[in-house]
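For the sequence shown, the numbering used here assigns the number 939 to the initial residue and increments by one for each residue that follows. Using N, Cα and C, we set each Cβ at its ideal position, and we do this for glycine too. Reading through the structure tokens given below for one structure.
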Amino acid sequence: MNSGLEEVAPDVVLANGASTHLHGNIDVVAGSIHKFIKQTRKRDLLEGVRLDRGDVLSQPFVREGQWAEAWQQVLATDVPRLRQRVTVVVAPRSFGATTFALRLLAEHTDGATALVKLDADWPNAAQGRLPLEEEHAYQLDLKDPETDRPSADFLNALSGFADDLEICRSYLVLTVAEELWDDRLTTRKGMHVVYLTEPPTAQRVVETHLNAAGHAQLVAELRSFPKARASLQGLHAVAAVRAAGTIAMTWQEHKRLHDARTSSTSSQPAPADADLSLEDRITAALSDWREHLDRLFGEVATTHDAANPSLTLEDRCLLLALSVHQSAPLPAVANTARALQQALIPKDTGNKSGFSPVQNALAGRGLRRRILDVGAAVGSHDTVLFDRPAYGRAILEYVWDNYEVMREAMLAWLVQSASSDTADPSVTALSTLVLRHGTATHLNTLGAIARDARPDLLSAVLDVAVHDEHVGRLAWDVLYRWAEQKDYAPTVISTCRLVLHDDSASASTAKRAMVRLRRIAHTTSESGLRRDVLKAFEELAGQPSGTGRLVAEVRDWQESKASPKSGSLAFMALMPLDDDGVPWLMSDNVPDIDVQRALQDLLSAQETAAEIIPYLTGWIRTCAPAPASYGRLRDQLLPALRGHNMFHAGMELMRALADVTTPQGVNVAEDFYQHLVDPRLQPVFSIVKAPA
């Protein structure tokens, strides 16, 4: 779909009545371009979040080597701004191209230009979906091979779009994953393509991020650690940023262990690796402990042997339990480890040793001894001390990557062992694992395991997934498919509620949540699910930004652009809102929606009439004590109640108001009855319910 300006109005009528083609007299058109765009641009545009220029400029950033060369290639030679209105940055994944693009726009666009990071929520790359506003600098990532691959037609359209950006004094920077870019796609007029072929030096990236986090002392120490610095060599930008976080986390672990050992009041035993130097600890953390874990997960040992580091099966389960829980009460760790071991035992396996489970346990090492052997310690109050989150994450990822057949069992085990608290470490562990390979496969596996037993846990993991930079769009696609499935719909609703409750959620993220709630409302035949969507909308109505989203949903319904089922629910969610003692929808501040039409549509259908009448009675009961408010509300409602197919709904409403009386002694039901029912029919139709 093209939506260049020409397609809507190739000729523009100027204020003086003259006519000009869009590209015929740029000076005149540019003078009123803002109004022109607002009138002609399509509604179905990509959304995004506006970024604070100061925040972007304050983020750690390294521009050196090939990045510095690419930077200069993008800039014009005579002025410090971008050479073209459309810039394409092609780079391998995880090279930091998004950071490069945003920093470029922040440094080389005018301070009055709005920085907007767009969300590529489209089935395929299409120029017609790109927004166009005056003095805006847009950044858009194209990374999904299914939907974002640039075509020759797309680039041709962008060439024309560059002219429109020029008129608006705006810019667009696309970052394209290297495998999606075809080198045969040559640069078009108005566009500049630049390639990032080498990441910044990992050492510089790490030091820059550590300094920005206030760890200058750690930077000085890191420079004196040749083994640790060697571990950084060859890391791409995203891996280097993660390494900086790992180094800071490892430093904190080292300080805590050192403080515990030197404190004269500490009675806690030290873990087995407490004597490691900071350099050794950082080096091990940066290497993901792979060589160390290779030894622990070698050929399985049947008994523990000090000369053989390979762990027994029960000790491997214990180490995985520690990886999830970190420091925790001993019974919790023991139960979690036992649950994993039991899950791995085939159901038809007998007791081959001839000993009972109790005898087998007593014949082996005690739990405290086993905990010490895997590198943890036990405190005086039966608390396991294993405050090593970086190491724990490495263990989980090692097992996940190297034991593929374990994956489903690990997910089931984590779901079973998680508490009802969504801050449980199992949520972090599950999120780490299901997102690790950047596909939707493991989300679907987790969904099948947790949808019935732990929908709250599944929603918490999905809330993390939809905000993940790399797999967020895949997670939203999963939720879209699940929205029309009865077993998964409750999870979709609860996940969308979490997203919509987040004040920091971007407009595009909130829009995706609304689309999935709309899909449930449109496809479900379950009254319970419809009530759950209504509850989600009612919660949204209580938020300042939520009211606008619901109003937009009602407008889309009335313009036939959205499901009438979700539009009606959005309208009902707005009905309880109050404005100085009167319903907000009937006040002078009423939004730009047709309230009368909405009421008639809902009252004319028996199913929705039953839903809306309690809201109407609530309105009337609220206004009844104030004569002026009541009279105004009654007069506003009467036209809707006189519409086609309204008789049944009107009678039900009046019967529901039979006990409501104004301060002047007027029965509200009787008052509506006199206004609505023809006197000739009043002897036939009574508002008094017939006895059952």
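Residue i (DSSP reduced to helix, strand or coil)
i	result
A1270	helix
T1184	helix
V1238	coil
K1055	strand
M1584	coil
V1012	helix
R988	strand
N1149	helix
R1618	coil
A1100	helix
N1094	helix
V994	helix
N1382	helix
A1006	helix
Among the options, the one whose alpha carbon lies nearest that of residue i
i	options	result
L1148	F999, T1113, P1164 and H1230	F999
V1144	D1609, Q1171 and T1370	Q1171
R1001	E1104, T1037 and R988	T1037
H1192	A1168, V1179, T1221 and S1169	T1221
E1491	G1098, A1508, P1482 and I1551	A1508
W1557	R1593, L1515 and D1530	L1515
S1446	A1166, V994, L1249 and V1054	V1054
V1430	E1407, D1401 and H1408	D1401
R1631	Q1141, R1180 and A1150	Nothing can be reported for residue 1631: it is not among the residues displayed for the chain, which extend from 939 to 1630.
L1371	E1229, A1347, S1357 and D1394	A1347
R1535	P1363, R1023, A1578 and Y1329	A1578
D1530	T1555, R1487, T1546 and E1545	R1487
S1506	N1527, T1546, L1478 and D1532	T1546
F1475	D1339, A1459, E1464 and A1075	A1459
Distance, residue j Cα to residue i Cα
i	j	result
G1480	W1351	38 Å
D1057	S1442	15 Å
T1113	R1419	28 Å
L1323	L1195	10 Å
A1275	V1489	51 Å
P1164	A1158	12 Å
D993	D1048	16 Å
H1174	P1137	6 Å
R1469	A1511	11 Å
C1255	I1309	11 Å
D1406	A1245	43 Å
T1599	A1361	50 Å
R1572	Q1496	24 Å
D1197	T1188	14 Å
S1444	E985	9 Å
R1618	A1564	31 Å
Distance cut-off 6 Å: residue i Cβ against heavy atoms of the ligand ATP
i	result
L1571	Absence of the ligand ATP from the depicted structure is noted, as is the absence of any ligand whatsoever, leaving it without description.
Residue span of the alpha helix (DSSP H) that contains residue i, given as start and end
i	result
K1165	P1164 to L1170
T1546	Q1544 to C1561
Y1341	Unbroken run through Y1341: none, as it is neither H nor E.
M1510	P1502 to L1512
Y1418	G1410 to W1420
Y1611	V1606 to L1614
V1026	Premise fails: V1026 lies in the beta strand (DSSP E), V1024 to A1029, not in any alpha helix (DSSP H).
P1577	P1565 to L1579
Sub-7 Å separation of residue i and residue j beta-carbons
i	j	result
A1451	L1438	yes
Q1538	G1581	yes
A1039	V1111	yes
M1524	Q1602	no
A1413	V1404	yes
A1029	L1134	yes
R1456	S1504	yes
V1520	S1567	yes
H1242	R1303	yes
M1592	F1610	yes
R988	A1052	yes
S1261	L1334	yes
L1395	A1386	no
E1217	A1186	no
A1115	R1031	yes
Beta strand (DSSP E) segment containing residue i, residue limits
i	result
Y1076	H1074 to L1080
H1130	M1129 to Y1133
R1161	No beta strand (DSSP E) contains R1161, which is instead part of the alpha helix (DSSP H) from A1154 to R1161.
Y1109	Y1109 to A1115
T1321	T1321 to L1323
Contact with chain B by residue i, beta-carbon distance below 7 Å
i	result
H1408	Checking the listed chains, one finds no chain B in this structure; it contains a single protein chain.
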